[in-house]
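S.K.: First, the structure itself, so that you have it in front of you.
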Amino acid sequence: MELKVCGITTDEDILALINLKIDRLGFIFYHMSKRYVYGKLIEDGLKAIPEHIKKTGVFVNAEITEIEQLIDQYHLDSIQLHGDESPEFCQHLRTKTEVIKTISIKDKSSFETAKLYENACDLFLFDTQSANYGGTGKTFDWQWLEAYDLDKPFYLSGGISLENFAEIKKINHQKLIGIDINSKFEIRPGIKDIEKIKQLISLMNS
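Following numbering that gives the first Met the number 0, the numbering of the sequence shown begins with 0 at its first residue and continues without gaps.
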């Protein structure tokens, strides 16, 4: 199972995390987020990220020109579209980089939305629905995942913690390829708790 650590804002965390078994590092370019990173990133930190770790930019209803500019500026390997972007919007950006489309989950019927994006993204991220585009720190009912029957792989997000990771290991879904962690592994917004992340990796490998 892959691991994506999202909401990174400091070089110190970048350097600590690249020494761990991390598959993706997420940087939020949404100005309403407590973890908004634009202007805080130091180029040296990004340059230190090895090729096998995907630098993922998270966007919410941003303009295509802004996203493309930041892809080029920070050499992003992947983008996560977390807003109300259309399938056509996603498909356009897919010609430039890997696209992850977030689907906000309210109940089982929410997975119907994924069908609209099946051919417009590379993978999905299923997160708990919120009025503010993510960041709730809450889980949805993971039994609802049985309603997802597309071939596109997905990441699971929303309230994942050390305390509930054992339940994730019980999920038997062939298209679940990774988890996305954020607020439950922080000292404060944007500052990661590296020791907790190390504990999680140990659980993932056990």
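Backbone N, C-alpha and C fix where the C-beta goes; we use that ideal spot for every residue, glycine too.
If you're wondering where the values come from, they're calculated on a predicted model, not measured in any experiment.
So, does the stretch 29-37 touch the stretch 193-202, judging by three or more C-beta pairs under 8 Å?
M.R.: no
S.K.: What's the call for A47, buried or exposed, on a 16-neighbour Cβ count within 10 Å?
M.R.: exposed
S.K.: Could you have a look at L19 and say whether DSSP puts it in helix, strand or coil?
M.R.: Residue state, collapsed to three classes: coil.
S.K.: Which same chain residues, not among the five before or five after Y206, have their C-beta less than 6 Å away from its C-beta?
M.R.: Outside the shown range of the chain (0 to 205) lies residue 206, about which nothing can therefore be said.
S.K.: For A165, is the classification buried or exposed, using 16 other Cβ atoms within 10 angstroms of its Cβ as the cut-off for buried?
M.R.: exposed
S.K.: Just to confirm, is the Cβ distance from G56 to Y73 under 8 Å?
M.R.: yes
S.K.: Quick one: is E84 buried, meaning 16 or more other Cβ sit within 10 Å of its Cβ, or exposed?
M.R.: buried
S.K.: In angstroms with no decimal places, state the Cα-to-Cα distance between H172 and C120.
M.R.: 20 Å
S.K.: Please classify E185 as buried or exposed, where buried requires at least 16 other C-beta atoms within 10 Å of its C-beta.
M.R.: Buried, by the Cβ-count rule.
S.K.: What three-state label does DSSP hand T64 in the structure shown?
M.R.: helix
S.K.: In the DSSP assignment, find the alpha helix (DSSP H) that holds T112 and state where it starts and stops.
M.R.: F110 to L115
S.K.: From this set, I17, K151 and T138, which residue's C-alpha is nearest E162's C-alpha?
M.R.: T138
S.K.: Compare the beta carbon distance of D10 and G44 with 8 Å and say whether it is the shorter of the two.
M.R.: yes
S.K.: Do I170 and I178 come within 8 Å of each other at the CB atom, strictly closer than that value?
M.R.: no
S.K.: Excluding the 5 residues preceding and the 5 following K20 in the sequence, name in chain order all residues of the same chain whose CB lies nearer than 6 Å to its CB.
M.R.: Correct list, in chain order: I200.
S.K.: If I measure Cβ to Cβ from N181 and keep anything under 6 Å in the same chain, skipping five residues before and after, which residues do I get?
M.R.: C5 and G6
S.K.: Let me make sure I understand the geometry here. Which of I17, I78, I104 and T8 has the alpha-carbon closest to that of A130?
M.R.: I104
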